[in-house]
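Below is one structure, written out as structure tokens; comments come after it.
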Amino acid sequence: MTDEQTAIKTTLFSIVGNTILAVIKGLGGIFGNSYALLADAIESTTDIFASFLVLFGIKYASKPADKNHPYGHGRAEPLITFLVVAFLITSATIIAYKSIKNIGTPHELPETWTLFILGPLIIWKEISFRFVMNKAKITNSSSLKADAWHHRSDAITSIAAFIGISIALFFGKGYETADDWAALFASGFILYNSYLIFRPALAEIMDEHVYDDFVEEIRKISLTVNGVLGTEKCFIRKAGMKYHVDLHALVSANITVKQGHEIAHTLKDTLRKDLPQLGHVLIHIEPSE
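Numbering (the numbering used here), first residue to last: 777 to 1065.
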């Protein structure tokens, strides 16, 4: 299975899971008098739309290079990640607004049985986070990583709801707004996670160098190629699930242009064979003094 296929199947897993959870939380919040659970349902609903965006981004980013996009369409992934972050910020804002509004509105205590809904959901969302994050690392997908953090954010809002409802039920009358305060706290955590997702996507768009270990691996493999005496500049930029590399290789100053050309092709083929996550590889030959 290719990285693209793995990412697509993982995103479909998120869509189905979030749809089921949004319905369960929504019904639980309405019939259980829990605003925190309703806020949690809003979070899961935005996750559904965000996962659809991730699915579109992955499919578009996996399109092969063409005349107008010689480096492929991988940059669509961080752009989609920005949209996913916008969904997170929007959901956090809605949750915060509703929480503040509900804090000043008298309402009944939440039902005890809402806790039995939240408990298993928290466990499931954490399992989902770990599953999707593992797939994100395997595929090098920034948008899939953002989707994973949606699961973690959902788990956090569920934990906050669980704590808030527990406090309200334990202390009774006068503490009805405990779950509203919990939802407000959760919205702040979602905003913080939004930044954690946004920062690496921005680095990808700006071609920020954060691949020192990868550079060392490329240099090590390069020295195994016959005729390569060393390496100089090595620039890496990520686009989607692929890494594009510009590498300066040192060869003997006494060989012919044709020989240098052959060494460059051999080096390129070797790197792409040993490092399948590489996309476009440009080799610049430098004469060794």
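A virtual CB, placed ideally from N, CA and C, is assigned to each residue, including glycine.
Does the beta-carbon distance from residue 795 to residue 923 come in below 8 Å? Taking the first residue of the sequence shown as 1, we reach residue 795 at position 19. Taking the first residue of the sequence shown as 1, we reach residue 923 at position 147. For residue 795 and residue 923, no; Cβs fall outside 8 Å.
Closest residue to residue 819 among 871, 840 and 855 (Cα-Cα distance): On the sequence shown, residue 819 is found 43 positions in, with the first residue counted as 1. Comparing Cα positions, the closest option is 871.
For residue 1054, which of 817, 848 and 1064 has the nearest alpha-carbon? Residue numbering aside, residue 1054 sits at position 278 when the sequence shown is read from its first letter. Minimum Cα distance to residue 1054 is reached at 848.
State buried or exposed for residue 946, treating a residue as buried only when at least 16 other CB atoms are found within 10 Å of its CB. The residue given as residue 946 occupies position 170 in the sequence shown. Exposed, since its Cβ has fewer than 16 Cβ neighbours within 10 Å.
Short of 6 Å in beta carbon distance, which residues of its chain neighbour residue 938, apart from the five on each side in sequence? Order them along the chain. Start at 1 with the first residue of the sequence shown, and residue 938 comes out as number 162. So the qualifying residues of the chain are 894.
DSSP-derived helix/strand/coil call for residue 1029: Working through the sequence shown from its first residue, we reach residue 1029 at position 253. The answer is coil: DSSP assigns residue 1029 none of H, G, I, E or B.
Assign residue 844 to buried or exposed, taking buried as 16 or more other Cβ atoms, counted over all protein chains shown, within 10 Å of its Cβ. As a first step, residue 844 is located in the sequence shown; it is residue number 68 there, counting from the start. Residue 844 is exposed by the Cβ-count criterion.
To the nearest angstrom, how far is the alpha carbon of residue 855 from that of residue 977? Position 79 of the sequence shown holds residue 855. Position 201 of the sequence shown holds residue 977. Approximately 8 Å, taken between the alpha carbons.
For the beta strand (DSSP E) that contains residue 984, what are its first and last residues? For the purposes of this step, residue 984 is taken as the residue at position 208 of the sequence shown. No beta strand (DSSP E) holds residue 984; DSSP gives it neither H nor E.
Relative to the C-alpha of residue 1006, which candidate in 811, 1044 and 1025 has its C-alpha closest? Residue mapping note: residue 1006 aligns to position 230 of the sequence shown, counting from 1. That would be 1025, whose Cα lies nearest to the Cα of residue 1006.
With DSSP collapsed to three states, give me the class of residue 955. Your numbering for residue 955 matches position 179 in the sequence shown. In the structure shown, residue 955 sits in a helix (DSSP, three-state: H, G or I).
Touching or not, the segment 797-804 and the segment 887-902, by the rule of three or more beta carbon pairs under 8 Å? Judged by Cβ distances under 8 Å, the segment 797-804 makes contact with the segment 887-902, as three or more pairs qualify.
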